[in-house]
Amino acid sequence: MHQSRHNRTETLDFIQSMLGQLRTMAQAERCDMLAYLIEMAYVESSDIIRGVRPMRVDIDLKAERRALAG
Numbered sequence: 220m221h222q223s224r225h226n227r228t229e230t231l232d233f234i235q236s237m238l239g240q241l242r243t244m245a246q247a248e249r250c251d252m253l254a255y256l257i258e259m260a261y262v263e264s265s266d267i268i269r270g271v272r273p274m275r276v277d278i279d280l281k282a283e284r285r286a287l288a289g
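For any residue, its number in the working numbering is found by taking its place in the sequence shown, counting from 1, and adding 219.
Dropping the structure here:
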């Protein structure tokens with residue numbers, strides 16, 4: 220089912236809010252790596268909301284495999 224743009228924005232806003240709270244909790248527990256990873260997810264959600272980054276990342280797996288094969 221296709222979400223409306225309004226519902227998608229609300230969902231992303233909620234996710235970002237939860238990530239902010241989780242980051243604060245991880246920092247309070249001195250879980251530096253966890254806090255960092257949550258921060259990266261927070262920044263990613265912010266970029267998606269602002270339209271700076273697409274919601275999906277399409278990867279050409281064949282091209283990636285060729286590059287790795289040398």
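Ideal Cβ positions, reconstructed from N, Cα and C, are used throughout, including at glycine. Please read these numbers as outputs of a predicted model, since none were measured by experiment.
Secondary structure of residue i, DSSP reduced to three states
i: residue 237; result: helix
i: residue 274; result: coil
i: residue 248; result: coil
i: residue 225; result: helix
First through last residue of the alpha helix (DSSP H) which encompasses residue i
i: residue 259; result: 251-269
Cβ separation of residue i and residue j, assumed to be a contact under 8 Å, to the nearest whole Å
i: residue 257; j: residue 238; result: 6 Å
i: residue 240; j: residue 264; result: With a Cβ gap of about 13 Å, residue 240 and residue 264 do not count as contacting.
Which listed residue (the options) has its alpha carbon closest to that of residue i
i: residue 228; options: 276, 267, 261 and 285; result: 267
i: residue 224; options: 285, 255 and 270; result: 270
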